[in-house]
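In this note's numbering, the protein residues as written are 278 to 338.
Have a look at the structure below, then the notes.
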């Protein structure tokens with residue numbers, strides 16, 4: 278599971294970096310929206326992973 282989190286983190290960093298690069302060149306607000314979508318998506322996935330881990334931990338012990 279932690280390898281999935283690492284892959285998601287790397288993809289998020291790459292997408293945010295690419296979006297920032299494209300925004301600086303074009304000043305198109307789409308890239309700012311894409312950066313916010315990526316951030317909210319990653320935060321949502323991390324919240325789901327955390328909730329799953331907490332639920333698993335509480336149900337086992």
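Virtual Cβ for every residue (Gly too), placed ideally from N, Cα, C.
Every value quoted in this text rests on a predicted model; they were computed, and no experiment measured them.
**Prompt:** Should residue 326 and residue 282 be called a contact, given that it needs their Cβ atoms to be closer than 9 angstroms?
**Reply:** Along the chain shown, read from residue 1 onward, the residue named residue 326 stands at position 49. Along the chain shown, read from residue 1 onward, the residue named residue 282 stands at position 5. Contact: yes.
**Message:** Taking the straight line between their C-alpha atoms, what separation do you get for residue 303 and residue 294?
**Reply:** Walking along the chain shown from the start, residue 303 turns up at place 26. Walking along the chain shown from the start, residue 294 turns up at place 17. Residue 303 and residue 294 have their alpha carbons spaced roughly 14 angstroms apart.
**Asked** The alpha helix (DSSP H) with residue 302 in it runs from where to where?
**Response** Here residue 302 refers to the residue found at position 25 when the chain shown is read from its first residue. Counted as a single uninterrupted DSSP element, the alpha helix (DSSP H) harbouring residue 302 occupies residues 279-303.
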